[in-house]
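In this note's numbering, the protein residues as written are 10 to 448.
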């Protein structure tokens, strides 16, 4: 059923309110959009801070409300009957983070379960920076109200309206950075600004990535970023169905954040390996070319992970900044003992290896490498995903960045303590690896 502004009715006429209710908000436009659910009391004030659900707090205290971000919006899953009785209303909002107004959007829509939906366009709003989209409220049961009304101000104003406050993340930075420091340590252009200007199709990835960066205090980290893609024959389906391109799409913002050049170093590997043109915001949609089968024909369709890992080491072994390497494979690694020796030797280098298993099996070796003993520092992490394209972005970035901060801290501590200052050994690492493994 299509809903219009101002419509009110009982939810139970259309949906079973004893079961989890899903509400999805989506907005198409050029800005960055934040989605929130305010749980308010009879006085229309926020019931408790823990019951404001938004990008930085995706669950209520007892999981009565769970939010998941997707490419163009957010889905809330709600157990209405489990909510505290003091909560009289759920208010769903969309606000702009940064420049822009709601009259500039293409569409804003929401769905309630699989029966009810509404859609609005920019002409339905004016210069407001937020929309109060929908209310779910108690009155002889649970009812809905299609508000679809513009709201002056953004998220901070919404918070004030409902009795909350928003910390100004920029204020301490503005106060604490003297003007004379600007020439030596210029403030980074925000990730939102970079992606919005360079790759607006990827803008929905910014918020979940920023949340994880802030959780782990990685906002100011500078690093090289590399993506290594398995192109062996068993990966056919992942190339055909767009999974590999989606991987490129989701790793690129990490490179834009960490690398001053905003570029992603890129390799394919099979029987041999091939370094591809650097991926950036201008060419990322061509990272997986239509002739990817020709690439496989050139380098071979079996798996030789060591040959590409050697190239990675040669590229980054003398780097003055750390290298964060995302290594994608569907499993089936060979040369177990050689790989272990390789990573033990590589543990004194400024390289962190994030192994990701995609839609495969035989991950035993990767799990062993994740817990390998004898290294100077733990330089690897591993996780597996059965469906990379559909994993929630907040979960993906949480997994990708989970162990990188610990490695960075351990590596920097080891470097300061002089563990990695054997320059002769570092310079000869590639030669020793070649000799050890017959390259």
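By construction, the Cβ of each residue, glycine as well, lies at the ideal position given by its N, Cα and C atoms.
Cβ neighbour criterion (16 or more within 10 Å) applied to residue 10 = exposed
Reference residue 321; option with closest CA among 365, 20, 236 and 252 = 236
Buried or exposed: residue 263, going by 16 or more other Cβ atoms within 10 Å of its Cβ?
-> buried
Whose C-alpha, out of 137, 118 and 272, is nearest the C-alpha of residue 129?
-> 118
Going by alpha carbons, who is nearest to residue 480 out of 50, 220 and 356?
-> With the chain represented from 10 up to 448, any question about residue 480 goes unanswered, as that position is not in the structure.
Comparing alpha-carbon positions, which option in 334, 56, 382 and 63 lies nearest residue 93?
-> 56
Determine the direct distance from the alpha carbon of residue 389 to that of residue 364, and round the result to whole angstroms.
-> 7 Å
Proximal residues to residue 455 (C-beta, below 6 Å), its chain only, five neighbours per side dropped | There is simply no residue 455 to check, as the chain begins at 10 and stops at 448 in what is shown.
Under 8 Å Cβ to Cβ from residue 41, same chain only, skipping five residues before and after it: list those, please.
-> 105, 106, 107, 201, 205, 212, 215 and 216
Whole-angstrom distance between residue 409 and residue 265, CA atom to CA atom = 15 Å
Three-state secondary structure assigned by DSSP to residue 421 = helix
Residue 22: which of 122, 377 and 400 sits nearest, CA to CA?
-> 122
Do residue 24 and residue 124 come within 7 Å of each other at the CB atom, strictly closer than that value?
-> yes
Would you be able to state if there are at least three C-beta pairs under 8 Å between the region 228 to 245 and the region 318 to 336?
-> yes
With DSSP as the reference, label residue 192 as helix, strand or coil.
-> Here residue 192 scores only 30 on pLDDT, less than 50, and its place in the model is too uncertain to base an answer on.
Terminal residues of the continuous beta strand (DSSP E) containing residue 338?
-> 332 to 338
Just mark residue 82 as buried or exposed, buried being the case when its beta carbon has 16 or more other beta carbons within 10 Å.
-> buried
DSSP three-state assignment for residue 179, whether helix, strand or coil = Note that residue 179 scores 39 on pLDDT, short of 50, meaning its location in the model is unreliable and no value can be drawn from it.
Could you please give me the residues that DSSP links to residue 76 through a beta bridge?
-> 85
Cβ contact check for the region 267 to 276 and the region 411 to 421: 3 or more pairs under 8 Å | no
Can you check whether the CB of residue 160 is closer than 7 Å to the CB of residue 141?
-> yes
Would residue 278 pass as a contact of residue 317 if the rule is Cβ separation under 7 Å?
-> yes
From 405, 145, 428 and 406, pick the residue whose C-alpha is nearest to that of residue 384; which is it?
-> 428
What did DSSP end up calling residue 393 once you bin it into helix, strand or coil?
-> strand
Quickly, what does DSSP pair residue 44 with across the bridge? List them, please.
-> 103
Cβ shell of residue 35 (< 7 Å), same chain only, five flanking positions each side left out = 81, 82 and 118
In the structure shown, what three-state DSSP assignment does residue 8 receive?
-> A query on residue 8 cannot be resolved here, the shown segment of the chain reaching from 10 to 448 and no further.
Within its chain, find whatever has a CB closer than 6 Å to the CB of residue 436; leave out the 5 residues flanking it on each side and keep chain order.
-> For residue 436, the predicted model reports a pLDDT of 43, less than 50, meaning its position is unreliable; a value from the coordinates is still stated below. Excluding residues within five positions, none has a Cβ falling inside 6 Å.
What does a CB cutoff of less than 6 Å around residue 242 pick up in its chain, not counting 5 residues either side in sequence?
-> 310
Among 368, 158, 394 and 68, nearest to residue 16 - alpha-carbon criterion | 158
Within 10 angstroms of its Cβ, does residue 54 collect 16 or more other Cβ (buried), or is it exposed?
-> exposed
Which partner residues of residue 157 appear in the DSSP bridge assignment?
-> Looking at the DSSP assignment, residue 157 forms no beta bridge with any residue, so it has no partner.
Can you give me the Cβ contacts of residue 293 inside the same chain, cut-off strictly under 7 Å, excluding the 5 residues immediately before and after it?
-> 208, 257, 258 and 261
For residue 429, which of helix, strand or coil comes out of DSSP?
-> coil
Might you give, ordered along the chain, the residues of its own chain that have their beta carbon closer than 6 Å to the beta carbon of residue 73, omitting 5 neighbours on each side?
-> 88, 91 and 92
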